[in-house]
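The block underneath contains the structure these notes are about, expressed in structure tokens.
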Amino acid sequence: MPQAKKRSSLGLVLQPMKRTGKTVANSLILGKPNTVLYPYQKLELPIGYRGKHIVDFKRCIGCSNCVQICPNDCMWMEKLEDPELGKIERPGVDYGRCLFCGLCVEICPTVAIHESVEFELAHHERSKLKYGPKELRDDSFAGKVKEERQKRLLPILDMTKCTSCEKCAGECPEMAIAMMPIEGVGKTKPEINLGKCTSCKKCETVCPESALEMEEVYESYFEMPEPKFLIKKCTGCGACARACPADVIYMMDLPGTEKVLKDGKKGKPKKRAVFVLEKCVGCGKCYRACKFDALEWPGVRK
Amino acid sequence: MWINMGPQHPMTHGLWNLRVKVDGETIVDAQPEVGYLHRGIEKLCEGKTYPQIIPLADRLCYGSSLTWSHLYCMAVEDLMNVEVPERAEYIRVLTIEMQRIVSHLMWLAAYAGDLGLGVGFVYTMREREVFLDLFQALTGARITYNFPRIGGVAHDLPPNFERDTLRAISYFEGRLKEYEDLFEGSKIFMMRNVGVGILKKEDAINMGVTGPTLRASGVSYDLRKDRPYSVYEEMNFNVVTHKDCDCYARYRVRMDEMWESCQIMKQALKKMPKGKVRIVSPRNAPVGTGLARVEDPRGEGMMYIVGDGTDKPYRVKIRSPIFVTVSAAPKILIGYKVADVVAIMGGLDMCIGETDR
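Those protein sequence lines, which keep their order, are chains A and B. Quick note on the numbering used here: the first sequence kicks off at 197 and runs consecutively. Quick note on the numbering used here: the second sequence kicks off at 4 and runs consecutively.
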């Protein structure tokens with residue numbers, strides 16, 4: 197830092213006086229005061245300010261990723277009955293514990309939760325600081341706030357329609373689709389290499405059953421785990437498919453496992469879970485729903 | 004006679020106790036006692052996943068929280084072998100240097116208040132506000148930012164941020180010159196600083212003191228220059244040293260460091276390339292260790308992380324600069340008067356959050 201100029205004794209007296217005069221003139225006569233009358237006037241907060249959460253119920257899929265990433269365990273999932281959306285699970289926040297770190301906003305796979313500029317959350321009772329999903333609900337914030345995350349078009353498979361015709365794999369110009377056999381079912385299903393896919397929509401147009409449909413998926417900066425399936429332990433109960441919030445699990449019949457009933461007719465066949473992992477949000481609900489240890493969650497220390 | 008200065012004493016700036024043995028007014032022995040603010044952060048880290056620790060690392064020191072979360076991210080990147088995009092590195096350097104100014108300004112405010120210069124407190128806090136507003140626009144919070152991420156930073160610069168930062172820097176550089184008049188023109192401030200609390204060069208090196216306190220003892224040691232991390236190699240700046248070894252030298256080093264930080268910020272804004280600011284970070288760390296060292300505003304901070312292949316660290320070790328610096332307190336204090344304790348301990352820039360962790 198350059199040293200200040202050496203001044204005479206008169207300058208030492210006059211220089212601070214000049215500065216003080218300038219400050220007084222700027223703040224009192226020319227400009228407005230530095231303070232605001234708080235409850236009546238408010239400072240303008242930047243868009244990125246991290247305050248009270250708002251949740252878009254229509255975008256939220258109830259995956260509970262926000263609850264799992266929360267460092268302080270201040271969020272919880274609440275079961276609700278909504279006239280429009282039916283039986284749903286949506287997050288609530290305890291502001292007595294919230295750090296306002298913003299990790300829940302970042303990890304949300306559908307950008308359904310956001311932090312607003314509202315900061316007046318003080319209350320006389322601690323119990324009132326618990327904000328349930330209904331108090332956080334704001335279905336109209338999408339579009340108003342700046343969306344940092346980028347969307348990506350990806351072909352998402354509907355397993356019920358797929359006939360394993362392999363046309364999509366043959367037509368893909370980037371060779372991004374590989375047909376992988378499903379063990380026990382005797383069919384194959386297309387698996388998309390996300391690194392190679394350029395969202396050219398070729399597979400969507402070529403599919404005769406319209407089983408592949410392009411859907412917008414938000415890119416995530418978090419590497420999410422994927423469930424590892426062990427077919428030997430699967431009983432086909434379907435608990436994982438019912439628990440999955442992103443509808444990536446399909447229960448498929450295993451041919452040749454039908455029991456022959458007394459009257460000679462064939463009963464229902466056994467089933468197994470099939471995962472379409474392109475849309476998986478990595479929440480782990482299937483892993484927790486499985487009672488037979490047929491799903492493994494890699495690399496988690498309990 | 005032993006006197007307890009702390010844990011509730013205007014001098015301490017945080018919860019810690021300084022026991023001094025006095026002979027009349029002269030100090031003959033001193034014992035710093037820390038541990039009143041122990042929160043077990045190192046142990047807490049073992050139960051949290053890697054992204055969850057970033058806000059926790061912010062809480063190590065509220066004076067310079069961004070340095071600590073940045074240090075944690077650097078250690079995890081070393082463990083996971085993650086390459087950070089170049090733009091993110093420039094944003095990190097920009098924000099760390101801004102954090103250094105904010106931290107030094109808060110130190111200066113507290114120091115001026117300690118030495119009976121109330122005007123200095125108000126002036127420095129006012130300038131700190133300018134940079135806190137910039138941080139608020141950038142990260143969304145004023146003190147605990149949670150901005151660095153494993154593999155980059157949380158998001159890109161907001162619109163007009165570059166213009167506002169350059170404006171703030173030019174405003175602040177003018178104010179820095181004003182501080183010189185304010186502080187060094189004050190006779191009381193100079194009398195309580197010059198020749199007080201001498202820490203000799205050999206003693207400072209032997210006690211493991213780092214940061215501005217070491218540089219004020221005449222040792223040119225700065226990790227930004229000696230072991231450049233991030234993109235400090237590209238930056239052109241001087242390591243500020245002073246040969247007086249006293250409280251005045253420590254004040255002078257910090258003032259000049261704020262000036263150098265302004266120069267680094269200007270260069271970072273000028274050289275900043277375009278591109279991505281973040282990459283996808285792995286969830287699980289491999290089995291191995293990660294180490295990072297940074298030049299904190301208070302000295303050399305270090306983090307050592309052991310990964311065991313899961314999504315949580317096996318062990319996190321934090322090296323706090325002030326924990327080491329405070330051990331040199333008896334060496335500095337002995338021989339001075341009780342009234343000098345405020346100036347000497349204030350000049351070390353104590354931060355108990357990171358010391359006790």
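The C-beta atom is built at its ideal place from N, Cα and C for all residues, glycine as well.
The beta carbon of Leu169 (chain B) sits no closer than 8 angstroms to any beta carbon of chain A. For the stretch 130 to 143 of chain B, the set of residues with a beta-carbon nearer than 9 angstroms to any beta-carbon of chain A comprises Asp136, Gln139, Ala140, Leu141, Thr142, Gly143, in chain order. Residue pairing by DSSP leaves Trp493 (chain A) without any beta bridge partner.
The stretch 345 to 358 of chain A and the stretch 282 to 299 of chain A do not touch, with fewer than three beta-carbon pairs separated by less than 8 angstroms.
Straight-line measurement puts the Cα of Thr168 (chain B) at about 37 angstroms from the Cα of Val199 (chain B). Ile172 (chain B) and Asp354 (chain A) have their alpha carbons spaced roughly 56 angstroms apart. No Cβ of chain A is located within less than 8 angstroms of the beta carbon of Val309 (chain B). Shown here for Tyr245 (chain A): same chain residues with a beta carbon closer than 6 angstroms to its own, the five before and five after excluded, namely Val313 in chain order. With 16 or more other CB atoms across the displayed protein chains lying within 10 angstroms of its CB, His107 (chain B) is buried. For Met410 (chain A), the CB contacts under 8 angstroms within the same chain, skipping 5 residues up- and downstream, are Leu349, Leu350, Pro351, Ile352, Ser395, Lys397, Glu400 in chain order.
Not a single C-beta of chain B is nearer than 8 angstroms to the C-beta of Gln346 (chain A). Taking a contact as a CB-CB distance under 8 angstroms, the pair Gly291 (chain B) and Leu47 (chain B) does not count as one, their CB atoms being some 22 angstroms apart. Of the candidates A:Gln211, A:His310, A:Ala374, A:Asn268, A:Asn268 places its Cα closest to the Cα of Gly50 (chain B).
One finds Arg246, Leu295, Phe296, Cys297, Gly298, Leu299 in chain A with Cβ atoms closer than 9 angstroms to the Cβ of Asn149 (chain B), taken in chain order.
Linking Ala207 (chain B) to Glu303 (chain B) through their CA atoms gives a straight-line distance of about 14 angstroms. Under the three-pair Cβ rule at 8 angstroms, the stretch 177 to 190 of chain B counts as touching the stretch 126 to 141 of chain B. Within chain A, no residue has its beta carbon less than 7 angstroms from that of Arg257 (chain B); the closest one is some 11 angstroms off.
At a C-beta separation below 8 angstroms, Val283 (chain B) has these neighbours in chain A: Ser416, Tyr417, Phe418, Glu419. Val156 (chain B) and Lys455 (chain A) have their C-alpha atoms some 58 angstroms from each other.
Here Ala78 (chain B) carries a helix assignment [DSSP, helix/strand/coil]. For Ser260 (chain A), the three-state secondary structure derived from DSSP is coil. At least 8 angstroms separates the beta-carbon of Arg360 (chain B) from that of Ile325 (chain B). Residue contact with chain B for Ile265 (chain A): present (Cβ-Cβ distance below 8 angstroms to some residue of chain B). Following the DSSP letters along the chain, one finds Arg293 (chain A) in no beta strand (DSSP E), marked with neither H nor E. Here Ile44 (chain B) is not near Val23 (chain B), since their CB atoms are 8 angstroms or more apart. Taking 8 angstroms as the CB threshold, Arg286 (chain B) lines the interface with chain A. Per DSSP, reduced to three states, the secondary structure at Thr216 (chain A) is helical. When DSSP reads this structure, Ile445 (chain A) sits in a beta bridge with A:Phe471.
According to the DSSP assignment, His320 (chain A) belongs to no beta strand (DSSP E), since it is labelled neither H nor E. Here Val209 (chain A) carries a helix assignment [DSSP, helix/strand/coil]. Ala288 (chain B) is positioned such that its CB atom lies closer than 8 angstroms to that of Tyr53 (chain B). The DSSP-derived three-state label of Thr29 (chain B) is strand.
Listed by position along chain A, the residues whose Cβ is nearer than 8 angstroms to that of Pro161 (chain B) are Pro242, Ile243, Gly244.
Residue contact check for Glu89 (chain B) against chain A: no CB pair falls below 8 angstroms. According to the DSSP secondary-structure assignment, Leu353 (chain A) is paired through a beta bridge with A:Leu408. Look at the stretch 52 to 64 of chain B: the residues with a C-beta under 7 angstroms from a C-beta of chain A are Pro54, Gln55, Pro58, Leu59.
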